[in-house]
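Peer 1:
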Amino acid sequence: MKLRFKLAVLGIISFLLLSNNAYSDQKLPFVESVVIFNTVCAKCHEAQCSGRMSFDDAYESSKNHIIRHYGEASDKQWLRKELFTILNYMKVKCAYYPMESALPPKRVWEHDILNKMVTLLERNYFIPLGPFSEGKYRIDLALERDTKVTIHLVSEDFDMAIDDCFLSKNMAVKIPFSITEPGNYYFRMYPQEPVRITRLTVITE
Ligand code: HEC
436 MKLRFKLAVL GIISFLLLSN NAYSDQKLPF VESVVIFNTV CAKCHEAQCS
486 GRMSFDDAYE SSKNHIIRHY GEASDKQWLR KELFTILNYM KVKCAYYPME
536 SALPPKRVWE HDILNKMVTL LERNYFIPLG PFSEGKYRID LALERDTKVT
586 IHLVSEDFDM AIDDCFLSKN MAVKIPFSIT EPGNYYFRMY PQEPVRITRL
636 TVITE
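Following this line, the structure appears as structure tokens:
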């Protein structure tokens with residue numbers, strides 16, 4: 436009787452271990468896939484909150500569509516899968532896909548974090564800036580060289596706090612803004628020509 440009990444306990448423990456393993460094998464999308472989705476695909480799919488995909492075979496039937504909008508995905512099935520997963524998440528949860536990124540102390544993002552939040556070719560950036568309360572702030576960008584950039588600051592409810600174009604001067608852009616709706620905010624940048632952000636600072640004014 437005792438032995439049987441021990442075996443049963445062992446059985447339960449190994450089941451838990453195995454199922455836990457099976458769970459951790461389900462890979463979460465890479466940060467770059469989330470950035471691609473939230474810059475390239477977001478132009479049409481941002482804030483689509485319909486609750487589900489339109490078609491049951493949406494993954495198969497969307498292959499050419501995804502490649503048309505992001506050519507890099509043509510020979511990368513894993514990337515198409517991840518982009519699909521991210522769209523599904525947005526449709527069901529009506530939210531940005533969570534990104535693993537600790538907020539830097541003092542709200543200064545240095546190149547080590549910035550280099551992960553960018554698409555490799557276009558240098559589109561998408562960076563979670565964390566929670567904001569009501570108030571006046573400024574974003575200071577340091578760029579690797581001067582160019583024109585389109586900047587968005589979007590709330591977790593998809594409201595735009597900044598939607599504007601800026602020409603950098605002395606490799607810097609300063610963007611004052613006000614927050615009236617407290618919550619999490621996301622920074623997005625489309626540069627006219629690929630350019631690296633070397634530092635992003637959020638200042639409370
Ligand atoms: C120029 C606008 C535009 C861009 C950019 C765009 N799409 Fe779409 N996409 C659409 C439209 C329109 C549909 C069909 C209607 C719908 O489901 O929204 C669609 C449908 C889809 C579907 C099928 C959805 C369903 O419910 O069945 C997927 C998956 C998809 N797009 C993925 C992507 C991905 C990934 C990207 C980025 C690489 C992307 N799209 C970029 C406009 C766009």
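First residue of the sequence shown? That's 436 in the working numbering, and the numbers climb one at a time after it. We put the beta carbon where it would ideally sit given N, CA and C, even for glycine.
The ligand HEC and Ile614: does any heavy atom of the ligand fall closer than 6 Å to the residue's C-beta?
Peer 2: No, Cβ of Ile614 sits at least 6 Å from all heavy atoms of the ligand HEC.
Peer 1: Grouping DSSP H, G and I as helix and E and B as strand, with all else coil, what is Ser449?
Peer 2: With a pLDDT of only 45 at Ser449, under 50, the local geometry of the prediction cannot be trusted, and the value read off the model is given with reservation. Residue state, collapsed to three classes: helix.
Peer 1: In chain order, which alpha helix (DSSP H) runs of at least 4 residues are fully inside the segment 498–584?
Peer 2: List check, alpha helix (DSSP H) in window: 498–504, 512–528 and 546–549.
Peer 1: Let me know the secondary structure DSSP gives Val637 once reduced to three states.
Peer 2: It is a strand residue.
Peer 1: Evaluate the contact criterion for the segment 540–550 versus the segment 585–597: three or more CB pairs, one atom per stretch, below 8 Å.
Peer 2: Short answer: they don't touch.
Peer 1: Compare the beta carbon distance of Ile521 and Phe567 with 7 Å and say whether it is the shorter of the two.
Peer 2: No. Outside cutoff.
Peer 1: Please work out which residues of its chain come closer than 7 Å, Cβ to Cβ, to Tyr505, disregarding the five sequence neighbours upstream and downstream, and give them in chain order.
Peer 2: Closer than 7 Å at the Cβ level, and outside the excluded window around Tyr505, lie Ile471 and Val475.
Peer 1: Between which two residues does the beta strand (DSSP E) carrying Cys479 extend?
Peer 2: Per DSSP, Cys479 belongs to no beta strand (DSSP E); it is in the alpha helix (DSSP H), Ala477 to His480.
Peer 1: Beta carbon of Leu635, beta carbon of Val608: below 7 Å?
Peer 2: No, Cβ-Cβ distance for Leu635 and Val608 is not below 7 Å.
Peer 1: So who's on the other strand from Arg487, going by DSSP bridges?
Peer 2: Per DSSP, none; premise fails for Arg487.
Peer 1: Kindly give me the distance between the Cβ atoms of Gly565 and Asn605, rounded to whole angstroms, as I take these residues to be in contact under 8 Å.
Peer 2: About 28 Å separates the two Cβ atoms, so there is no contact after all.
Peer 1: Just checking: is the beta-carbon of Glu640 within a distance shorter than 7 Å of some beta-carbon in chain B?
Peer 2: No chain B appears in this structure, which consists of one protein chain only.
Peer 1: Are there any heavy atoms of the ligand SAH lying less than 6 Å away from the beta-carbon of Ala482, as far as the coordinates show?
Peer 2: Of the ligands one can find in the structure shown, namely the ligand HEC, none is the ligand SAH.
Peer 1: Identify, in the order they occur along the chain, each residue of the same chain with its Cβ nearer than 7 Å to the Cβ of Asp598, setting aside the five sequence neighbours on each side.
Peer 2: Correct list, in chain order: His587.
Peer 1: Would you say the beta carbon of Ile502 is closer than 6 Å to some non-hydrogen atom of the ligand HEC?
Peer 2: False, no ligand heavy atom lies under 6 Å from that Cβ.
Peer 1: State the start and end residues of the unbroken beta strand (DSSP E) segment that holds Ser613.
Peer 2: Where Ser613 is concerned, the enclosing beta strand (DSSP E) stretches over Ala607 to Ile614.
Peer 1: On the three-pair Cβ rule with 8 Å, is the segment 524–540 touching the segment 476–488?
Peer 2: Segments in contact, yes.
Peer 1: What did DSSP end up calling Val630 once you bin it into helix, strand or coil?
Peer 2: Three-state DSSP puts Val630 in coil, outside helix and strand.
Peer 1: Say the cut is 6 Å; is the CB of Val475 nearer than that to a heavy atom of the ligand HEC?
Peer 2: Val475 Cβ: within cutoff of the ligand HEC.
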